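Residue numbers (the working numbering): 12 to 253. Worksheet for the structure shown next.
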């Protein structure tokens, strides 16, 4: 028993002082000699340096040719700012200003008072799950909501199947703007108001400053543009909501 204890003590002593023992220097990749933190540790092995050198070289090339994430983000921001400036210029030419006094002068159009009956359309990516209402993209992330529980039970956790995963399923393959407009007129409607972009941030029209639109992904069609042309051809008033 005594021998075992002494042997154990010696082992512990060896382990505690092992780091002080001078050992032959190992040949290892140059990059792995520098420790930037455990999350950046580079494992040793054949071709390790070559593998990480390729990644480093690729990063340098992307930055030099303007493909850095920061530069892309700035370009996207500038594009949105330009669009907002154009919108502000159009608003400035209108009859109203950003004040209650100005808005008090608003008068409901006579055509709207005479129309009496119109069609208001909620149709978008939220129509794929077709559950509850058009607020599905918000409620599916609220843990205490019925929609959250339905989503997990039907599609799995939001971390695996989020709202964006509905977009490829939103194909609008049976959408026929002409037939819609004919049906609206036959029903006696005088105006049509689709939601151009709901709170899910997915434009149903061709939007120049985002790739997340119906014209570029999903149905890959300018739904609002097609509907506007068809409705006006039937002599109905066309408006949009957001």
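Even glycine gets a Cβ: it sits at the ideal position worked out from N, Cα and C. The model shown is predicted, which means the values in this text are computed figures rather than measured ones.
- Counting along the chain, the unbroken beta strand (DSSP E) around residue 129 starts and ends at 129-132.
- Non-local beta-carbon contacts of residue 142 in its own chain, meaning distances under 7 Å to residues more than five positions away in sequence, involve 158 and 161 in chain order.
- The DSSP assignment places 147-150 and 157-166 as complete runs of the alpha helix (DSSP H) inside the region 122-182, in order along the chain (cut-off: 4 residues).
- The criterion of a C-beta distance shorter than 8 Å is satisfied by residue 204 and residue 252.
- Per the C-alpha coordinates, the member of 200, 213 and 111 positioned closest to residue 234 is 213.
- Partner residues in the beta bridge of residue 252, as assigned by DSSP, are 206.
- Judged by pairs of C-beta atoms under 8 Å, the region 175-195 does not touch the region 90-110, as fewer than three such pairs exist.
- Note that the C-beta distance between residue 118 and residue 220 is not below 8 Å.
- For residue 191, the enclosing alpha helix (DSSP H) covers residues 188-197.
- Annotated as proximal: residue 183 and residue 230, with beta-carbon spacing under 8 Å.
- Contact between residue 169 and residue 139 does not hold, since the beta-carbon distance rounds to 15 Å and is not under 8 Å.
- For residue 200, there is no enclosing alpha helix (DSSP H), as DSSP gives it neither H nor E.
- Burial state of residue 81 is exposed, judged by a 10 Å Cβ sphere holding fewer than 16 other Cβ atoms.
- Residue burial is scored here from C-beta neighbours: residue 185 has fewer than 16 other C-beta atoms within 10 angstroms and is therefore classed as exposed.
- With fewer than 16 other Cβ atoms inside 10 Å of its own Cβ, residue 133 counts as exposed.
- For residue 112, the enclosing alpha helix (DSSP H) starts and ends at 111-114.
- Across the structure, residue 190 and residue 129 are spaced so that their CA atoms are roughly 16 Å apart.
- Only buried fits residue 224, as 16 or more other CB atoms lie within 10 angstroms of its CB.
- By the 16-neighbour rule on beta-carbons within 10 angstroms, residue 208 is buried.
- For residue 238, the enclosing alpha helix (DSSP H) starts and ends at 234-244.
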